[in-house]
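Working notes for the structure below.
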Amino acid sequence: MDKINPEEAMKELTLMLMYLSRFTGEKDFYNAQYYSTWKGYSFHVINELVDNEYVFDGKHPSRTKSVTFSEKGLAEAQKLLEKYHIDDWKK
Numbered sequence: 091m092d093k094i095n096p097e098e099a100m101k102e103l104t105l106m107l108m109y110l111s112r113f114t115g116e117k118d119f120y121n122a123q124y125y126s127t128w129k130g131y132s133f134h135v136i137n138e139l140v141d142n143e144y145v146f147d148g149k150h151p152s153r154t155k156s157v158t159f160s161e162k163g164l165a166e167a168q169k170l171l172e173k174y175h176i177d178d179w180k181k
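Under the numbering used here, residues 91 to 181 are what the sequence shown spells out, in order.
This is the structure in structure tokens:
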């Protein structure tokens with residue numbers, strides 16, 4: 091595996107940890123399932139993940155303690171797990 095810079099590694103590792111610690115939210119208005127995770131990580135990194143549309147921060151970002159995964163974020167996290175040879179225990 092090629093080396094990556096620390097900033098990119100932090101984004102990848104944070105996304106994977108957020109994915110592995112995800113929880114199922116209540117079904118929304120459209121009866122769709124969604125996954126959330128706690129924001130106990132670097133806010134700078136979380137903001138970049140929001141900017142890349144991997145997670146959504148909600149209507150009141152400063153008051154919420156969790157973010158919700160987008161389909162794009164779920165797919166990217168699963169791809170990263172494969173890259174690092176990590177099993178997803180919640181499949």
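Every residue gets a Cβ at the ideal spot worked out from N, C-alpha and C, and that includes glycine.
As the structure is a computational prediction, the values presented were derived from the model and not from experiment.
Asked                                                                                                : Found
Environment of SER126 [buried if 16+ CB atoms lie within 10 Å]                                       : buried
Cutoff 6 Å; reference ARG112; Cβ partners in own chain excluding five residues on either side        : TYR125 and THR127
Collapsed DSSP secondary structure at TYR109 in the structure displayed                              : helix
Residue(s) in a DSSP beta bridge with SER126                                                         : PHE113 and THR158
Contact check, MET213 vs VAL135, beta carbons under 8 Å                                              : This structure gives no information on residue 213, because the portion of the chain shown stretches from 91 to 181.
Host alpha helix (DSSP H) of ILE136 (start-end)                                                      : 133-141
ALA167 beta carbon less than 8 Å from that of TYR109                                                 : yes
Counted within 10 angstroms of its Cβ, other Cβ atoms place PHE159 as buried (16 or more) or exposed : buried
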